Amino acid sequence: MKTILVSAGVAMVLALFGTPLAIRVFTRRGYGQEIREDGPTAHLTKRGTPTMGGAVIVVASLIGYLCGHELTKDTMTWSGLLVLALMTGLGAVGFVDDFIKIYKQRSLGLRSGAKLAGQAVVGAVFAVEVLHHPDGYDITPADAHISFLRDVGPAIGVLPFVLWIVLMIAGWSNAVNLTDGLDGLATGATILVLAAYVLIGIWQLKNDCTVSLTPQCYPIRDPLDLAVVAASVAGACFGFLWWNAPPARIFMGDTGSLALGGVLAGLAVCTKTQLLLVILGGLFVIIIMSVIIQVGSYKMTGRRVFKMAPLQHHFELLGWAETTIVVRFWLIAGLFIALGLGIFYVAWLPG
493 MKTILVSAGV AMVLALFGTP LAIRVFTRRG YGQEIREDGP TAHLTKRGTP
543 TMGGAVIVVA SLIGYLCGHE LTKDTMTWSG LLVLALMTGL GAVGFVDDFI
593 KIYKQRSLGL RSGAKLAGQA VVGAVFAVEV LHHPDGYDIT PADAHISFLR
643 DVGPAIGVLP FVLWIVLMIA GWSNAVNLTD GLDGLATGAT ILVLAAYVLI
693 GIWQLKNDCT VSLTPQCYPI RDPLDLAVVA ASVAGACFGF LWWNAPPARI
743 FMGDTGSLAL GGVLAGLAVC TKTQLLLVIL GGLFVIIIMS VIIQVGSYKM
793 TGRRVFKMAP LQHHFELLGW AETTIVVRFW LIAGLFIALG LGIFYVAWLP
843 G
């Protein structure tokens, strides 16, 4: 448990004091955000705000994780390292996207096909690797199953599993990316989901099948280290949020949003809660669905359901203040977390 606290604390301090340095460096180099001309007019004042702040989150998370293990002498695990590698790989894809936006001074970076290809490559490598690296009990970081609270049904085979995980990773990284439209919105919502995974990892550790073989136990390879990963990234996000909260002095950019979406997907895969994440991350699901509904409605009927998608911009155009939207969306995210954790706990009870 000390590793969780140390990792989260180190990551938070690094992000809290490292972000102002990043703001100065990015500002000096002109790494400012470009704003969509068709978006809410209030956003035009944000043009030039430093972006790519997600690099701070990624670096602080990695250093926090490493320091936590070094200072407590806990052993790093394959599960934790693979989730962090997934985060870093997707962060690199996002970094390229952000850099193209800055270099060409436009709001569009990588083309959608190129970005999706990058996500697919990183996701496929992760999906293959989690099926390997068994521990002393022959438990791998994941197996070829779809999971909810545990594995559900029979194994689906390696290739379908890889395709499913790639789709899942692309979906969650894009969902967090779409949510990152208002100051602090995606950062705060992600912290809540990561906090839930800290609790899930601790609970799975306490009911580990390698310790006590009961009908309710969890055959998870490294539940404690997955909690450490979640705590490290949450700590980094917490420190970053100090500077990203309205009015934001820096944006995470695609570097951060793709990386954070990858962390959530990776934690869900390795804790065998893939479908539970749909509930825990309910806010992200609502936001990405608003885009799907908007695009589908316009293509089929020529009419738009919302004034603008993603959903947060619809409320902006209705006249809601940005801070009001952010806080209320955080509350909605918290309700989904409570529902998801409630289902996770109740399903564990015998009978």
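Under this note's numbering, the very last position in the sequence shown is 843; numbers go up by exactly one each time.
In this text, a Cβ means the ideal position worked out from N, Cα and C, and glycines have one as well.
Note that the structure is a prediction, hence the values are computed from the model and not measured.
Span of the alpha helix (DSSP H) around A845
A query on residue 845 cannot be resolved here, the shown segment of the chain reaching from 493 to 843 and no further.
In three-state DSSP terms, what is D746?
Here residue 746 refers to the residue found at position 254 when the sequence shown is read from its first residue. Helix at D746.
So what's Y629 in DSSP terms, helix, strand or just coil?
Counting from one through the sequence shown, the residue named residue 629 turns up at place 137. Looking at Y629 - three-state DSSP - the assignment turns out to be coil, as it is neither helix nor strand.
With D874 as the anchor, note down where its alpha helix (DSSP H) starts and where it stops.
Examination of residue 874 is not possible in this model, given that the chain is present from 493 through 843 alone.
Helix, strand or coil, according to DSSP, for P652 in the structure here?
Within the sequence shown, the letter at position 160 stands for residue 652. Here P652 sits in helix by DSSP.
If you follow the alpha helix (DSSP H) that L691 is in, where does it begin and where does it stop?
Walking along the sequence shown from the start, residue 691 turns up at place 199. Segment L677 to K698, the alpha helix (DSSP H) holding L691.
Best match in A577, P626 and G663 for proximity to I784 [C-alpha to C-alpha]
Here residue 784 is taken as the residue at index 292 of the sequence shown, counted from 1. The residue among A577, P626 and G663 with its C-alpha nearest the C-alpha of I784 is G663.
For A500 and M660, the rounded distance between their alpha carbons
Taking the first residue of the sequence shown as 1, we reach residue 660 at position 168. Taking the first residue of the sequence shown as 1, we reach residue 500 at position 8. Take the alpha-carbon of M660 and the one of A500: they are about 26 Å apart.
How many angstroms separate the CA atom of D627 from the CA atom of W695?
As a working mapping, residue 627 is identified with position 135 in the sequence shown. As a working mapping, residue 695 is identified with position 203 in the sequence shown. Distance between the alpha carbons of D627 and W695: 20 Å.
Among residues of its own chain, excluding the 5 on either side of I555, which ones have a beta-carbon nearer than 8 Å to its beta-carbon?
The residue given as residue 555 occupies position 63 in the sequence shown. The residues are V502, A503 and L506.
Extent of the continuous alpha helix (DSSP H) to which S704 belongs
As a working mapping, residue 704 is identified with position 212 in the sequence shown. Boundaries cannot be given for S704, as no alpha helix (DSSP H) includes it and DSSP labels it neither H nor E.
Would you mind stating whether P711 and C701 have Cβ atoms separated by less than 7 Å?
On the sequence shown, position 219 is the one that residue 711 refers to. On the sequence shown, position 209 is the one that residue 701 refers to. Yes, these two residues count as a Cβ contact at 7 Å.
Enumerate in chain order the residues of its own chain whose CB-to-CB distance from L810 is below 8 Å, with the five nearest sequence positions on each side excluded.
Here residue 810 refers to the residue found at position 318 of the sequence shown. K799.
Which of the three DSSP states, helix, strand or coil, is assigned to I549?
As a working note, residue 549 is residue 57 in the sequence shown. I549 falls in the helix class under three-state DSSP.
Can you tell which of E562, E814 and A547 has the C-alpha that lies nearest to the C-alpha of A451?
Since the first and last residues shown for the chain are 493 and 843, residue 451 lies out of range.
Assign A547 to one of two classes, buried (16 or more other C-beta atoms within 10 Å of its C-beta) or exposed (fewer than that).
For the purposes of this step, residue 547 is taken as the residue at position 55 of the sequence shown. It counts as buried.
Alpha carbon of K494 to alpha carbon of V725, nearest angstrom
Counting from 1 along the sequence shown, the entry for residue 494 is found at position 2. Counting from 1 along the sequence shown, the entry for residue 725 is found at position 233. Approximately 16 Å, taken between the alpha carbons.
When we look at the beta-carbon of V613 and count the other beta-carbons within 10 Å, is it buried (16 or more) or exposed?
Locating residue 613 in the sequence shown gives position 121, where the first residue counts as 1. Per the 10 Å Cβ criterion, exposed.
Where P542 sits in the DSSP three-state scheme:
Working through the sequence shown from its first residue, we reach residue 542 at position 50. Note: P542 maps to strand in three-state DSSP.
Beta-carbon separation (whole angstroms), A609 vs L623, contact threshold 8 Å
By one-based count along the sequence shown, residue 609 stands at place 117. By one-based count along the sequence shown, residue 623 stands at place 131. Going by Cβ atoms, the distance from A609 to L623 rounds to 22 Å, so no, they are not a contact pair.
Tell me S639's beta-bridge partners as DSSP assigns them.
Taking the first residue of the sequence shown as position 1, residue 639 is located at position 147. DSSP output for S639 lists D643 as bridge partner(s).
Take the Cβ of M792 as the centre, count every other Cβ of all protein chains shown within 10 Å, and call the residue buried at 16 or more, exposed below.
For the purposes of this step, residue 792 is taken as residue 300 along the sequence shown, with counting starting at 1. Its Cβ having fewer than 16 others within 10 Å, M792 is exposed.
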